[in-house]
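The next block holds one structure in the form of structure tokens; read it before the comments.
What follows is the structure, encoded as structure tokens:
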């Protein structure tokens, strides 16, 4: 399990808790929009969660590039070959 996936999971849980608190206490969407308001709320929740996933992805990418940025080309080829051998098609 990577750091980015852990961060994205924690953010998703926190976003879900915070969003449900907001909807239960402050959301008046049903008065204004009726049943279509549920779709709007779901779309906003999905949008916010997608941002959490992008943050996790960017964190993983940053860690990867920071870890491997100083490797020379021969070391990168060796690492690539050893990784390719582990993967069976």
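Residue numbers (this note's numbering): 1246 to 1334.
C-beta: ideal position from N, C-alpha, C; glycine also.
Cα-Cα separation, residue i to residue j
{"i": "residue 1295", "j": "residue 1283", "result": "18 angstroms"}
{"i": "residue 1248", "j": "residue 1302", "result": "9 angstroms"}
{"i": "residue 1251", "j": "residue 1293", "result": "17 angstroms"}
{"i": "residue 1280", "j": "residue 1304", "result": "37 angstroms"}
{"i": "residue 1319", "j": "residue 1327", "result": "12 angstroms"}
{"i": "residue 1322", "j": "residue 1270", "result": "56 angstroms"}
{"i": "residue 1409", "j": "residue 1276", "result": "Outside the shown range of the chain (1246 to 1334) lies residue 1409, about which nothing can therefore be said."}
Option nearest residue i by Cα separation, candidates the options
{"i": "residue 1260", "options": "1279, 1291 and 1323", "result": "1291"}
{"i": "residue 1219", "options": "1322, 1326 and 1286", "result": "No answer is possible for residue 1219: it lies beyond the span of the chain, which begins at 1246 and ends at 1334."}
{"i": "residue 1289", "options": "1246, 1263 and 1323", "result": "1263"}
Taking contact to mean at least 3 C-beta pairs separated by less than 8 angstroms, is the stretch 1307-1315 in contact with the stretch 1250-1266? no
For the stretch 1248-1325, which segments carrying the alpha helix (DSSP H) assignment without a break, of at least 4 residues, lie completely within its bounds, in sequence order? 1248-1271, 1274-1278 and 1281-1313
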